[in-house]
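Data block below; observations after.
Residue numbers (the numbering used here): -8 to 194.
Next comes the structure, spelled out in structure tokens:
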């Protein structure tokens, strides 16, 4: 009798697993026309891989270090997706303003201070000066933990002087700011409203 119960249990678990898999289609990461519940948006061509690593931008005694990692099959409550997550250290005029690097090994999913997986193959949105249509570009979101503002950063792979690099434009994601006479000045993001043609060297 115990043997029969064990077999039935195994069959039920197997059926449940197969049923779950059948309802979870695997779709390319750039197929966002119609989001499907429980689908898996997978980095089928490993386009995210070239953005992984530790990258450093410097401008005098101001620097931005970002650490990016690819995470597989992250569930956001609606569907699964491959994702780049990261953390960062920002130093301005020699003074450390933000450092979240110690959070990189935590399993925070989309709640990391850098995250995203939007891939573009054209130069329509925030292109750097030498952008070429057809190249893979990655858009990420950076959370400014001091001002609670967000920044969009679009990364382009480059080789500069024989070194792996990322070229990027970074822009506040707050949208258009309107003001009226007497309104207080809007709080500027810690890393500024916009920085163009940044060069991050792989460490």
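Beta carbons are placed, not taken as given, at the ideal position from N, Cα and C, and that holds for glycine.
Because the structure is a prediction, the values reported are computed rather than measured.
Tell me where the beta strand (DSSP E) around residue 53 begins and ends.
53 to 66
So, are the CB atoms of residue 53 and residue 84 less than 8 angstroms apart?
yes
With which residues is residue 190 paired in a DSSP beta bridge?
158
If you run the structure through DSSP and keep just helix, strand and coil, what is residue 18?
strand
Just the C-alpha distance for residue 112 and residue 192, rounded to the nearest angstrom, thanks.
22 angstroms
According to DSSP, what are the bridge partners of residue 151?
154
Beta-ladder partner(s) of residue 109, from DSSP:
130
Nearest-angstrom Cα distance between residue 13 and residue 156?
Reliability fails at residue 13, whose pLDDT of 48 lies under 50, so the model's placement of it is uncertain and the value that follows must be treated cautiously. Roughly 40 angstroms between the two C-alpha positions.
Could you please give me the residues that DSSP links to residue 50 through a beta bridge?
53
Let me know if residue 145 comes out buried or exposed under the rule of 16 or more other beta-carbons within 10 Å of its beta-carbon.
buried
By how many angstroms is the C-alpha of residue 33 removed from the C-alpha of residue 11?
Low confidence applies here, because residue 11 scores a pLDDT of 46, under 50, leaving its location unreliable and the question unanswered by this model.
Sorted by chain position, which residues of the same chain lie with C-beta nearer than 8 angstroms to residue 124's C-beta, five sequence neighbours on each side aside?
112, 113, 114
Same chain only: Cβ atoms within 8 angstroms of residue 92, ignoring 5 sequence neighbours per side
56, 58, 78, 79, 80
Looking at the secondary structure, which residues open and close the beta strand (DSSP E) in which residue 86 lies?
86 to 90
Can you tell me the Cα-Cα spacing of residue 30 and residue 102, whole angstroms?
20 angstroms
Return the residue from the list 130, 66, 23, 142 that minimises the CA-CA distance to residue 185.
142
Going along the chain, which residues of its own chain have a beta-carbon closer than 6 angstroms to the beta-carbon of residue 35, five neighbours each way excluded?
19
In whole angstroms, what is the alpha-carbon distance linking residue 60 and residue 94?
12 angstroms
Cβ distance (whole Å) where residue 45 is taken to contact residue 194 below 8 angstroms:
4 angstroms
Taking the CB atoms as reference points, tell me whether residue 138 and residue 181 lie closer together than 8 angstroms.
yes
Residue 149: which of 76, 106, 118, 190 sits nearest, CA to CA?
190
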